[in-house]
Every structure is written in structure tokens, then in C-alpha cells.
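Shown next, in C-alpha cells, is the structure this report addresses.
There are 2 protein chains.
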Amino acid sequence: MTDVKRPKDQLKAHIRAQNQTLILETSERVFARQGLAKTTTQMIADEAGLPKANVHYYYRSKKDLLEAVLERILRLWLDSVSEFNAAEGPRINLTRYISEKIDQSRSNKNASKIFAMALIGEETFVLEYLRNLFVTELSREKVTIQEWVEQGLMAPVSTEHLFISIWAMTQTYADFDAQVKIMLQKDELEKSDYEEAKHFITRMVLVGCDVKD
Amino acid sequence: MTDVKRPKDQLKAHIRAQNQTLILETSERVFARQGLAKTTTQMIADEAGLPKANVHYYYRSKKDLLEAVLERILRLWLDSVSEFNAAEGPRINLTRYISEKIDQSRSNKNASKIFAMALIGEETFVLEYLRNLFVTELSREKVTIQEWVEQGLMAPVSTEHLFISIWAMTQTYADFDAQVKIMLQKDELEKSDYEEAKHFITRMVLVGCDVKD
DNA sequence: GTCTATAGGGAGATAGAC
DNA sequence: GTCTATCTCCCTATAGAC
Numbered sequence: 001m002t003d004v005k006r007p008k009d010q011l012k013a014h015i016r017a018q019n020q021t022l023i024l025e026t027s028e029r030v031f032a033r034q035g036l037a038k039t040t041t042q043m044i045a046d047e048a049g050l051p052k053a054n055v056h057y058y059y060r061s062k063k064d065l066l067e068a069v070l071e072r073i074l075r076l077w078l079d080s081v082s083e084f085n086a087a088e089g090p091r092i093n094l095t096r097y098i099s100e101k102i103d104q105s106r107s108n109k110n111a112s113k114i115f116a117m118a119l120i121g122e123e124t125f126v127l128e129y130l131r132n133l134f135v136t137e138l139s140r141e142k143v144t145i146q147e148w149v150e151q152g153l154m155a156p157v158s159t160e161h162l163f164i165s166i167w168a169m170t171q172t173y174a175d176f177d178a179q180v181k182i183m184l185q186k187d188e189l190e191k192s193d194y195e196e197a198k199h200f201i202t203r204m205v206l207v208g209c210d211v212k213d
Numbered sequence: 001m002t003d004v005k006r007p008k009d010q011l012k013a014h015i016r017a018q019n020q021t022l023i024l025e026t027s028e029r030v031f032a033r034q035g036l037a038k039t040t041t042q043m044i045a046d047e048a049g050l051p052k053a054n055v056h057y058y059y060r061s062k063k064d065l066l067e068a069v070l071e072r073i074l075r076l077w078l079d080s081v082s083e084f085n086a087a088e089g090p091r092i093n094l095t096r097y098i099s100e101k102i103d104q105s106r107s108n109k110n111a112s113k114i115f116a117m118a119l120i121g122e123e124t125f126v127l128e129y130l131r132n133l134f135v136t137e138l139s140r141e142k143v144t145i146q147e148w149v150e151q152g153l154m155a156p157v158s159t160e161h162l163f164i165s166i167w168a169m170t171q172t173y174a175d176f177d178a179q180v181k182i183m184l185q186k187d188e189l190e191k192s193d194y195e196e197a198k199h200f201i202t203r204m205v206l207v208g209c210d211v212k213d
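So the protein lines, in turn, are chains A and B.
Under the UniProt record's numbering, the first residue of the first sequence carries the number 1, and numbering increases by one thereafter.
Under the UniProt record's numbering, the first residue of the second sequence carries the number 1, and numbering increases by one thereafter.
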């Protein structure tokens, strides 16, 4: 075991990283399009331009591959949503939070759908992630909201139900986009549709929670 | 073709109806628990206490069976949600609508999950149903809301985004109940959790849309 | 690391006796 | 209508040559 790698090892590591990224990105598309169970490793291999055996070389089983895809999604997700900054008050923070969540639904629709499919299927991997997220991140946001309530900056609403609602409203534009398209009678959602969603949801939350500042 | 049936035919029809109901009810449970693609006709047969061939006798293919399950779900659903009564004004109507949707999430969780799974998988059957629903029902509700806005009874919000949000918030307690349980740190959701959800969502919608009466 | 060929296991669906 | 046995297909996963 050494940190010094010979050129050959570096090359191998590079090939490995490149192939893994290719497989993960392709899997994300195929899983989102076909559904988790209907997706076959053959489909992924074909779309990635690789023999099926190579996919299994990098990810022993389909389950391993799905978990790798989920892990990658969740890591990128966490980085793209800001934490609350208590000093700025609820208006700025909630507005930013909703905006970022809707942007996520738009720019990362596939990731969002895969997460939703895994969640509705109660995949252990996702449930564990959520349990952990609750302990590390959300409990902090919860305290912040309670501070704002005590300072009279917003109505004393249930923090849990508030988060559940914001997630539901913002994710629905990615997860159930087929339904949204029918409602809006459009073949594809445009940037303006997402902006209107942002505007509507932000208004409902801010006014609905009686946010002062 | 005659309306008069001989006793033998009546018996057969009875057996048929009974078995079909048994299969549909069992399928609803299994589909919701296992996911649509992971469910096998064998699982359904076992849980219903029938040989697999009998399931295929009544529903030629798995796809036919899923569509029959969806059709049954949607028929029961439509009957359990009231239409808007314009004269009563937005407060009563929106409160009742949210309450009925949450009750549905609680009492018919399996149906809700199957619908969500079919929708996220963009099953043609469900998309067609929604398109039809939009034409027959929702366009009427939309007009009603616009009347209320004109009468100054509520703020001029986007009807489409309002419906999308109410659906998202109420359905999430059924479809993603695993996530809700983690958030609320409970092993099972109780009646009081659903009542709190109702209370929170109703408040956000009524205050958020500036509903006067 | 790459790839062909194949093992091994079920799944959906049906034939045909009762 | 019921049920056993079976066909056929295709999926995951791996062995083994290159």
C-alpha cells in the first residue's frame, strides 16, 4: 500500500473512473426512462456502447449499480441546496430554498425521478439516507425555524409538515411531470412554467406561514 | 343476446364476479407492496389462494390485470371526492376538498401508491385517464375558481398550479409515506398525523390564497 | 480491461386433462 | 371453471479466451 502510483496504475485508474462515470450517467437516463425494475443491464450497456459484461465488471450486480447511481445523485443533490442562514430571516431563506428545489426539479429531472421511484419502492438504501439526513441536516433547520417563530417572524406552524409540503410541491414538477404537462396542456415544460411554479409556491408558503421578514 | 339468463348462466356470472373481485383486491395489495414490475402473477395467485392459471383465465395478461386494477381504483376515487359548489364559496369548498383528499390518502393508501407508480412510469392508461379527467371535470372547477376570484373572494392565483400543489401535498402522505414516517419519526402514521396535515395544508392554502369567505 | 458465449433461474403465458 | 405441467423467452451473472 503506497500513495505513489506507477504510470500503469494511473492509466488503469483513469480508465476505471471514465468507464464508471459513463455507466453511471447512462444508467441514470435509462433508469429514469424505463423504471428501476424494467431496466435491464443490457439496455444500459447498449446505450453506453459497451458489452454487457463490462457493466457487470464495474458493478457486480444490478442492485450495486442502482445504489451507486443513487449515491451519486444524492451527493450532487446535497451540494446544490443551501443551508438556512438564521440571521437572514425566513423570507429570504424560504424563497431561496423553494427556488433551488424547483431548479433542481428542472435541471435534474432524472435524478429526482429515480429518487422518487426508489422511495415509493421503499428501497432500504434511500430510507437509510433519509434517516441520516434527518439527524445531520434537518434537525438544524428545524431549530432555525423555531427561532424565527419565537422572534415573531412567522406563524407557529409545524416544521415537519412545512418541509413535507415544500418537498411535495417542488418535487412533483419533476416526478410527476407527465401529470403537470397534462394540467398545463403542454407537450414540454418551459422555463416560464417552472418560474410560475416558484412564484406560486413561494407566495403560498410565505403568506400561508405569515412570514414577516 | 338476451336479458333473460338461465340459472346456470347466473351461477357462472356470480362465480366470475366473485373471483374477479378477489383477484383485483389481492392485486391491489401486492402491486402496492412490491411495485408494478416486481409483482409476479404467481405472487398474486398465491396470496389469493388460486392457481396461477386461474388468474390468467380471468385476465389474459399482466398488463390487462394492471389496467383492470387501475380502472377499479379510479372509479372508486372519483366517487369519493365532491365537486365544487360555487355558491358555498372558496373557504368551505377548498377545506372540504383538502380534507377528502387526505382521507383518501389514509383510507386508500394502496390505491394511491399504485396510481403514483403508474403515473411516474407514464403508463398510457393513466395518462389517458388524466387527459379525460381534465376535459370533463377540472375545466369546470377552474371556471368556478375564476368566478371566486372575480367576486373578490380570493387572490388571483394560477388555478393549475393551485391544483398541482394541493394534489402534491395531499398525495405525498400516501405515496411517500415512508418519507413522512421518517420525518415524523414514527413507525406508523396515526389519525392525528393526518389531521395535522389537513390543518396545516388547509391553513397554507386558505391564507396563502387570501381566501375571504 | 475487454468481450463472446453460456449457465442458471424465473417470468409470463398456455395446452389440455378433469 | 379449475388446475398441473410445460413452453418459451429473456434476464442476471459469470467463465474463460484474448
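In this text, a Cβ means the ideal position worked out from N, Cα and C, and glycines have one as well.
If you're wondering where the values come from, they're calculated on a predicted model, not measured in any experiment.
Any C-beta of chain B sitting closer than 7 Å to the C-beta of A:Gly152? The count along the first sequence starts at 1 and reaches residue 152 of chain A at position 152. Not an interface residue.
ask   = Contact between the region 66-74 of chain A and the region 118-126 of chain A: three or more CB pairs below 8 Å?
value = yes
So that I know if they touch, is there some Cβ in chain B lying closer than 7 Å to that of A:Ala75? Locating residue 75 of chain A in the first sequence gives position 75, where the first residue counts as 1. Here residue 75 of chain A turns out to be Arg, not Ala, going by the sequence shown. A:Arg75 does not count as touching chain B.
Spatial distance of A:Thr172 from A:His161 (CA atoms): Counting from one through the first sequence, the residue named residue 172 of chain A turns up at place 172. Counting from one through the first sequence, the residue named residue 161 of chain A turns up at place 161. So the alpha carbons of these two residues sit roughly 16 Å apart.
| said: For B:Ser112, would you say it is in contact with chain A, using Cβ-to-Cβ distances shorter than 7 Å as the test? | reply: Taking the first residue of the second sequence as position 1, residue 112 of chain B is located at position 112. So no, B:Ser112 is outside the interface.
* Which ranges would you report for the beta strand (DSSP E) in the region 86-162 of chain A if only whole runs of at least 3 residues count? -> none
Open item on the list: Please classify A:Thr26 as buried or exposed, where buried requires at least 16 neighbouring CB atoms within 10 angstroms.
Closed with: For this step, residue 26 of chain A is matched to residue 26 along the first sequence. That one is buried.
Q.
Which of the three DSSP states is assigned to A:Arg75 in this structure?
A. To locate residue 75 of chain A, count along the first sequence from 1; it is residue 75. In this structure, A:Arg75 counts as helix in the three-state DSSP scheme.
key: Helix, strand or coil at A:Gly49 [DSSP, three-state]   = As a position in the first sequence, residue 49 of chain A is number 49, starting the count at 1. If DSSP states are grouped into helix, strand and coil, A:Gly49 belongs with coil.
Exercise. If you drop the 5 nearest sequence neighbours on each side, which residues of the same chain put their C-beta closer than 7 Å to that of B:Glu141?
Worked result: Translated into positions along the second sequence, residue 141 of chain B becomes position 141. Excluding positions up to five away in sequence, the list reads Phe84.
Is any beta-carbon of chain A found at less than 7 Å from that of B:Val211?
The sequence position of residue 211 of chain B within the second sequence is 211, counting from 1. No, B:Val211 lies away from the interface with chain A (no Cβ there is under 7 Å from its Cβ).
| message | At a CB distance below 9 Å, what residues from the region 139-165 of chain A approach chain B? Give them in sequence order. | response | Ala155, Val157, Ser158, Glu160, His161, Leu162, Phe163, Ile164, Ser165
- Query: Buried or exposed: which applies to B:Thr136, given that a residue is buried once 16 or more other Cβ atoms fall within 10 Å of its Cβ?
  - Reply: The count along the second sequence starts at 1 and reaches residue 136 of chain B at position 136. Exposed, by the Cβ-count rule.
Does the CB of A:Met43 have a neighbour CB from chain B at under 7 Å?
Residue 43 of chain A sits at position 43 when you count from the first residue of the first sequence. No, A:Met43 does not count as interfacial toward chain B.
Could you tell me whether the region 189-199 of chain A touches the region 177-186 of chain B, using the rule of 3 or more Cβ pairs below 8 Å?
no
Going by alpha carbons, who is nearest to A:Leu78 out of A:Leu66, A:Ala53, A:Asn108?
The residue you call residue 78 of chain A lines up with position 78 of the first sequence. Measuring from the Cα of A:Leu78, the nearest candidate turns out to be A:Asn108.
message: Does any residue of chain B have a CB that is nearer than 7 Å to the CB of A:Gln179?
response: The residue you call residue 179 of chain A lines up with position 179 of the first sequence. True, the Cβ-Cβ gap to chain B drops below 7 Å.
- Of the residues B:Leu130, B:Arg106, B:Thr202, B:Thr39, the one placed nearest B:Val180, counting alpha carbons only: Looking up residue 180 of chain B in the second sequence gives position 180. Here the closest residue by C-alpha is B:Arg106.
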